[in-house]
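Participant: I have a structure I would like to understand better, so I am pasting it below and will then ask my questions one at a time.
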Amino acid sequence: MGTEPSARSRDGYTVGALVCVNSFGSVKVPGTGQYWAAPFERDGEFGGLGGAPGPLGDIEDWGEAKFNPGLRTHTTLAIIATDAALTPDQARRVAIMAQDGMARAIRPVHTPFDGDVVFVASTGRSALPDPAPLSLAGLGSLAADCLARAIARGVHHAGMTKP
Numbered sequence: 049m050g051t052e053p054s055a056r057s058r059d060g061y062t063v064g065a066l067v068c069v070n071s072f073g074s075v076k077v078p079g080t081g082q083y084w085a086a087p088f089e090r091d092g093e094f095g096g097l098g099g100a101p102g103p104l105g106d107i108e109d110w111g112e113a114k115f116n117p118g119l120r121t122h123t124t125l126a127i128i129a130t131d132a133a134l135t136p137d138q139a140r141r142v143a144i145m146a147q148d149g150m151a152r153a154i155r156p157v158h159t160p161f162d163g164d165v166v167f168v169a170s171t172g173r174s175a176l177p178d179p180a181p182l183s184l185a186g187l188g189s190l191a192a193d194c195l196a197r198a199i200a201r202g203v204h205h206a207g208m209t210k211p
């Protein structure tokens with residue numbers, strides 16, 4: 049699959065992410081042009097600025113985090129879509145796991161200034177095996193990776209950050 053923020057599992061399920069980012073936190077490593085989500089980048093989709101970020105200097109340096117925000121005035125809204133048929137409980141589990149993608153791409157995330165949320169939608173095209181926990185874990189992990197990529201990719205293509 050090209051460089052869209054999607055992936056196909058070994059089981060043959062497709063997972064994709066769409067996101068609207070107005071986070072309090074920063075998507076770039078302070079003092080660099082590198083995205084926090086750099087390890088998940090495919091084919092230079094968000095600038096090819098390097099692999100894993102190096103060691104942090106000041107762990108409380110959030111880079112381009114916004115100053116003087118009001119409570120819940122920033123948010124990252126995401127939807128994960130899959131062709132795997134999911135029950136409501138399974139969709140909730142994928143959403144919980146997908147939230148880790150926000151933590152891989154935004155620092156800090158889920159602050160009192162954010163109203164971050166992840167929704168999950170399913171086409172119901174492909175049934176999960178019974179029992180499903182291992183396949184469900186794989187879907188959730190892919191969803192988190194896709195969401196991290198979608199965040200960095202969207203911000204990169206919007207041209208909204210400075211190095």
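Going by my numbering, the sequence shown runs without a break in its numbering and finishes at 211. Even for Gly, the Cβ is constructed at its ideal location relative to N, Cα and C.
Applying the 10 Å Cβ sphere with the 16-neighbour rule, what's the burial state of P53?
Facilitator: Reading the sequence shown from its first residue, position 5 is the one you call residue 53. Looking at its Cβ environment, which holds 16 or more other Cβ atoms inside 10 Å, P53 is buried.
Participant: Is H158 helix, strand or coil by DSSP?
Facilitator: Your numbering for residue 158 matches position 110 in the sequence shown. The answer is coil: DSSP assigns H158 none of H, G, I, E or B.
Participant: Quick one: Cα of S193 to Cα of L119, how far?
Facilitator: By 1-based counting over the sequence shown, the position of residue 193 is 145. By 1-based counting over the sequence shown, the position of residue 119 is 71. Residue 193 is actually Asp in this sequence, not Ser. Rounded to whole angstroms, D193 to L119 spans 28 Å at the Cα level.
Participant: May I ask you to report which of helix, strand or coil DSSP gives R173?
Facilitator: The sequence position of residue 173 within the sequence shown is 125, counting from 1. In the structure shown, R173 sits in a strand (DSSP, three-state: E or B).
Participant: Comparing C-alpha positions only, which one of P177, T80, G98, G79 sits nearest to F88?
Facilitator: The residue given as residue 88 occupies position 40 in the sequence shown. Checking every option, the nearest Cα to that of F88 belongs to G98.
Participant: Take D106 and list the residues in its own chain whose beta-carbon comes closer than 7 Å to its own, dropping the five residues that flank it on each side.
Facilitator: The residue given as residue 106 occupies position 58 in the sequence shown. So no residue of the chain qualifies.
Participant: As a quick exercise: from A143, G172, N70, P117, pick the residue whose alpha carbon is nearest that of G186.
Facilitator: Residue mapping note: residue 186 aligns to position 138 of the sequence shown, counting from 1. The shortest C-alpha separation from G186 is found at A143.
Participant: Decide if T171 is buried, meaning its Cβ has at least 16 other Cβ atoms within 10 Å, or exposed.
Facilitator: Numbered from its first residue, the sequence shown carries residue 171 at position 123. Looking at its Cβ environment, which holds fewer than 16 other Cβ atoms inside 10 Å, T171 is exposed.
Participant: Classify T121: buried if its beta carbon has 16 or more other beta carbons within 10 angstroms, exposed otherwise.
Facilitator: Working through the sequence shown from its first residue, we reach residue 121 at position 73. The residue in question, T121, is exposed, as its Cβ has fewer than 16 Cβ neighbours within 10 Å.
Participant: How many angstroms separate the CA atom of P78 from the CA atom of G111?
Facilitator: Within the sequence shown, the letter at position 30 stands for residue 78. Within the sequence shown, the letter at position 63 stands for residue 111. Their Cα atoms are separated by approximately 4 Å.
Participant: Rank Y83, S183, G188, F161 by C-alpha distance to the C-alpha of T124 and give the top, closest one.
Facilitator: The residue you call residue 124 lines up with position 76 of the sequence shown. With distances taken between Cα atoms, T124 lies closest to F161.
Participant: Could you pull out every unbroken beta strand (DSSP E) segment of at least 3 residues lying fully inside the region 76-150, listed in chain order?
Facilitator: Those beta strand (DSSP E) runs which fall completely within the region 76-150 and span 3+ residues are 123-132.
Participant: Name the residue from E108, D59, R56, A86 whose alpha carbon lies nearest to the alpha carbon of M150.
Facilitator: Counted from its first residue, the sequence shown places residue 150 at position 102. For the residues E108, D59, R56, A86, the minimum Cα distance to M150 belongs to A86.
Participant: Can you round the beta-carbon distance between A198 and V67 to whole angstroms, since I take them to be within the 8 Å contact cut?
Facilitator: The sequence position of residue 198 within the sequence shown is 150, counting from 1. The sequence position of residue 67 within the sequence shown is 19, counting from 1. Indeed, because the Cβ distance is near 5 Å, the residues count as touching under 8 Å.
Participant: Is the distance from the Cβ of S174 to the Cβ of D137 below 9 Å?
Facilitator: Your numbering for residue 174 matches position 126 in the sequence shown. Your numbering for residue 137 matches position 89 in the sequence shown. In this structure, D137 does not lie closer than 9 Å to S174 by Cβ.
Participant: Suppose you measure from the CA of G95 to the CA of A200; what does that come to, to the nearest Å?
Facilitator: Here residue 95 refers to the residue found at position 47 of the sequence shown. Here residue 200 refers to the residue found at position 152 of the sequence shown. Cα-Cα distance, rounded: 9 Å.
Participant: Would you kindly check if the distance between the Cβ of S183 and the Cβ of D59 is under 9 Å?
Facilitator: The residue labelled residue 59 in the question sits at position 11 within the sequence shown. The residue labelled residue 183 in the question sits at position 135 within the sequence shown. For D59 and S183, yes; Cβs fall inside 9 Å.
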